[in-house]
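Here is the structure we will look at, set down as structure tokens.
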Amino acid sequence: MERPLLVYTTFPDAEAALAVGEALVRERLAACLNVLPGMRSVYAWKGAVERGEEVVALIKSREALAEPLVAALKARHPYETPVILTLPAGADPATLAWLVAETGGTNPA
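Just so we're aligned, residue 17 is where the sequence shown starts under this note's numbering, counting upward by one.
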């Protein structure tokens with residue numbers, strides 16, 4: 017049975033996130049990417065504590081596509097080491113059917 021997948025990542029700006037998201041949707045690795053602007057971050061990087069402004073991107077897909085989706089995301093991501101968190105998710109039947117249909121999967125029923 018198909019299971020939904022939510023991927024969390026960040027980008028330096030909305031345009032970069034949207035460009036990567038469009039590529040992932042066109043390749044049918046994702047059904048949707050949401051961009052949430054205005055995030056401020058504090059993070060450890062190469063031995064220093066940094067601050068920055070970023071955008072959050074939430075990618076909706078399915079678990080069967082986790083490996084190719086992450087590979088495609090890494091290949092297009094502007095960060096040297098992007099944070100990519102894959103989160104198994106639940107979904108109502110209509111949402112799951114939409115995810116599967118838009119990413120070329122098999123009927124979840």
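C-beta atoms are modelled at their ideal positions from N, C-alpha and C, and glycine is treated no differently.
Sequence-distant residues of the same chain with beta carbon closer than 6 Å to residue i, five excluded per side
i	result
Val23	Ile75, Thr102
Coil, strand or helix - residue i by DSSP
i	result
Lys90	helix
Glu43	coil
Val36	helix
Pro20	strand
Ala110	helix
Residue i and residue j closer than 7 Å at C-beta
i	j	result
Thr26	Val72	yes
Gly120	Arg44	yes
Pro94	Ala35	no
Ser77	Gly68	no
Glu96	Ala47	no
Leu40	Ala82	no
Arg19	Glu79	yes
Val86	Ile100	yes
Leu49	Gly63	no
For residue i: DSSP bridge partner residues
i	result
Gly54	Paired residue(s): none; Gly54 is not in a bridge.
Ala60	Val65
Leu101	Tyr24
Cβ shell of residue i (< 8 Å), same chain only, five flanking positions each side left out
i	result
Ala60	Glu66
Flag this pair as touching only if the segment 106 to 120 and the segment 52 to 71 have three or more C-beta atom pairs under 8 Å; answer yes or no. Here the segment 106 to 120 makes no contact with the segment 52 to 71; the two share fewer than three CB pairs at distances below 8 Å.
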